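Going by our numbering, the sequence shown opens with residue 77, and the numbers climb by one from there.
Inspection log for the structure reproduced underneath, given as C-alpha cells.
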Amino acid sequence: MKTIRRQQVAGKAVAITGGARGIGLATARAARDRGARVVIGDLDPVAAEKAGADLGIAALPLDVTDRGSFAGFLDAAEDLVGPVDVLVNNAGIMPLGRVETVGDTEATRCIDVNLHGVMLGTKIALLRMIPRGHGQIINIASIAGVTPAPGMALYNASKAAVLAFTDATRLEVRDRGIQVGAMLPSFTNTELISGTRTPKGQRALEPDEVAAGVIAMIERPSPRRTVPRSLGVSMRLAALYPDRLTRALYHLLDVDTVFLDYDHSARAAYAARIHDGSAAAGE
C-alpha cells in the first residue's frame, strides 16, 4: 500500500468557506496557528470582518451558491495569499422538521448551500489546481450523510450527496496531483444544533476538535475522516445492522426523536436566517 507522506501545513494558502463561525472559524484559527496563510469567506460580511480582525487574517464576502461570488472569492484570496493550496468547503445549513412540514424555501436552500456550494467550489478550484498539478479540497460532510435520522431528512440527503460527489471527484482527479476528501464530524456544538439536545450516549464535539481533524487531513490526505476517529468503525458496523435493530437503537438513544422534538423558540433566530437566505455559516 502506498504511504502518503506527511505534508506541512505551514506556508500553505488555505481558503475556508463559512469561516466566520463554528467549524470554519475554528479551522481558520487552527490553520493560522500552524503557520498557514488563511483566507475566510462568509455570507455574513459583518461576522466575517469580525472573525478576520480577531484572527488577524483576511476575510471576504462569499455566497457559495453564486459562481461569480465564489470565483471572485478565490481570485481575491490568491491576490492576498498566493495560489490556494487547500480549499475547505465548509459552509452549510441544517433545517430540521418533519419531511412534510419543512418549507420548500428551506429545502431548496439546503441543497443549494450544502451540495451545490460544495460542487461549485470544487469545480472552480479544480480549474486552478489541475494546471498547477497540485492542490487539496476538503469537503465538510457529516456522519449524517451515512446515518439518517428522523427530522433531518433534508440535511441527510445533502450530506449523502456531498459524500458521493467527493468520492467520485477524488477518483477522477487523484492521478492529476489533486487530493479530494471528506470530513465527517459527529454532533458538533455549533449554531446548527441550536434548540436540540444531544442523543443519549453521545457528547457534542467542540468545533476545535473537528478543526484538528481538518488539520490532520491536510497533513495526511485521506478519502474520508470521521471525528471522533473511533466513530468510523461503529458506522461501518451499523451499516450491517438489520432494520429492526437499527430502529431499536435509535429509540434507545433518542435518535428517533431528538431532531423532531426540539426547542423551536431557541432555534427561531437560526431558522429565520435559513428562510431569508442569510444563513450559510460554517458547519
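Idealized CB from N, CA, C, for every residue including glycine.
Quick caveat, the model's predicted, so the values are computed rather than measured.
- Query: Of the residues Lys199, Ala89 and His340, which one's Cα is nearest the Cα of Glu248?
  - Reply: On the sequence shown, position 172 is the one that residue 248 refers to. Nearest to Glu248 by alpha-carbon distance, out of Lys199, Ala89 and His340, is Lys199.
- Query: So, are the CB atoms of Ile214 and Met293 less than 7 Å apart?
  - Reply: Reading the sequence shown from its first residue, position 138 is the one you call residue 214. Reading the sequence shown from its first residue, position 217 is the one you call residue 293. Yes, they are a contact pair.
- Query: Looking at the structure shown, is Pro207 part of a helix, part of a strand, or coil, going by DSSP?
  - Reply: Counting from 1 along the sequence shown, the entry for residue 207 is found at position 131. Shown here, Pro207 sits in a helix according to DSSP, grouped into three states.
- Query: What does DSSP give as the partner residues of Leu281 in its beta bridges?
  - Reply: As a working mapping, residue 281 is identified with position 205 in the sequence shown. Beta-bridge analysis with DSSP links Leu281 to Thr264.
- Query: DSSP state of Ala223, grouped into three classes?
  - Reply: Walking along the sequence shown from the start, residue 223 turns up at place 147. It should be noted that the sequence gives Thr, not Ala, for residue 223. Coil.
- Neighbour-count burial assignment, Gln84, 16 or more Cβ in a 10 Å radius: Within the sequence shown, numbered from 1, the residue matching residue 84 stands at position 8. Its Cβ having fewer than 16 others within 10 Å, Gln84 is exposed.
- Across which residues does DSSP place Met259 in a beta bridge pair? Here the question's residue 259 lines up with position 183 in the sequence shown. Partner(s): Ile216 and Arg301.
- Task: List the DSSP bridge partners of Leu136.
- Result: For the purposes of this step, residue 136 is identified with residue 60 of the sequence shown, where counting begins at 1. Paired residues: Gly117.
- Message: Am I right that Ile133 and Pro283 are in contact with their C-beta atoms under 8 Å? What's the rounded C-beta distance?
- Response: Here residue 133 corresponds to residue number 57 of the sequence shown, with the count starting at 1. Here residue 283 corresponds to residue number 207 of the sequence shown, with the count starting at 1. About 16 Å; that fails the 8 Å criterion.
- Message: For the pair the segment 329-341 and the segment 269-289, tell me if three or more CB-CB distances fall below 8 Å.
- Response: Three or more Cβ pairs closer than 8 Å define a contact, and the segment 329-341 meets that threshold against the segment 269-289.
- Task: Rounded to whole angstroms, what's the CA-CA distance from Leu175 to Ala315? Just pull it up for me.
- Result: Here the question's residue 175 lines up with position 99 in the sequence shown. Here the question's residue 315 lines up with position 239 in the sequence shown. Going by the sequence as given, residue 175 is Val instead of Leu. Going from the Cα of Val175 to the Cα of Ala315 covers about 23 Å.
- Message: Which same chain residues end up closer than 7 Å to Gly308 when comparing Cβ atoms and leaving out the 5 residues on each side of it in sequence?
- Response: Residue 308 sits at position 232 when you count from the first residue of the sequence shown. Excluding residues within five positions, the ones whose Cβ falls inside 7 Å are Thr302.
- Based on the DSSP secondary-structure assignment, which residues constitute the bridge partners of Ala315? Translated into positions along the sequence shown, residue 315 becomes position 239. Residue pairing from DSSP leaves Ala315 without any beta-bridge partner.
- Pull up the CB-CB distance for Thr141 and Val189, whole angstroms please, since I reckon it's below 8 Å. In the sequence shown, residue 141 corresponds to position 65, counting from 1. In the sequence shown, residue 189 corresponds to position 113, counting from 1. Right, their Cβ atoms sit about 6 Å apart.
- Task: Would you please verify whether the beta carbon of Gly179 is less than 7 Å from any beta carbon of chain B?
- Result: Absent from the structure: chain B. Only one protein chain is present.
- Query: What whole-angstrom Cβ distance do Val238 and Ala258 have, given they're in contact under 8 Å?
  - Reply: In the sequence shown, the residue the question calls residue 238 occupies position 162. In the sequence shown, the residue the question calls residue 258 occupies position 182. That belief holds up - the Cβ atoms of Val238 and Ala258 are roughly 7 Å apart, short of 8 Å.
- Message: Output needed for Pro121: all residues of its chain with C-beta closer than 6 Å, excluding positions within five of it in sequence on either side, in chain order.
- Response: If you number the sequence shown from 1, residue 121 lands on position 45. The answer, listed in chain order, is Pro137.
- Task: Find out if the Cβ-Cβ distance for the pair Pro261, Val286 is shorter than 7 Å.
- Result: As a working note, residue 261 is residue 185 in the sequence shown. As a working note, residue 286 is residue 210 in the sequence shown. The answer is yes: Cβ separation under 7 Å.
- Query: Is DSSP giving Ile92 helix, strand or coil here?
  - Reply: For this step, residue 92 is matched to residue 16 along the sequence shown. Reduced to three states, the DSSP call for Ile92 is strand.
- Specify the secondary structure class of Ile187 as computed by DSSP and reduced to three states. As a working mapping, residue 187 is identified with position 111 in the sequence shown. Reduced to three states, the DSSP call for Ile187 is helix.
- Task: Along the alpha helix (DSSP H) that carries Val157, what are the first and last residues, could you check?
- Result: To locate residue 157, count along the sequence shown from 1; it is residue 81. It spans Arg143 to Val157 - the alpha helix (DSSP H) in which Val157 sits, taken as one unbroken run.
- Name the residue from Ala220, Arg113, Val162 and Ala96 whose alpha carbon lies nearest to the alpha carbon of Asn232. Position 156 of the sequence shown, counted from the first residue, corresponds to residue 232. Distances from the CA of Asn232 to each of Ala220, Arg113, Val162 and Ala96 were compared; the closest alpha carbon is that of Ala220.
- Task: Can you give me the start and stop residues for the beta strand (DSSP E) that Leu163 sits inside?
- Result: Locating residue 163 in the sequence shown gives position 87, counting from the first residue. Run containing Leu163: Val162 to Asn165, per the beta strand (DSSP E) assignment.
- Item | Glu295 versus Leu101: straight-line alpha-carbon distance, rounded | Along the sequence shown, one-based indexing puts residue 295 at 219. Along the sequence shown, one-based indexing puts residue 101 at 25. In a straight line, the C-alpha of Glu295 is about 19 Å away from that of Leu101.
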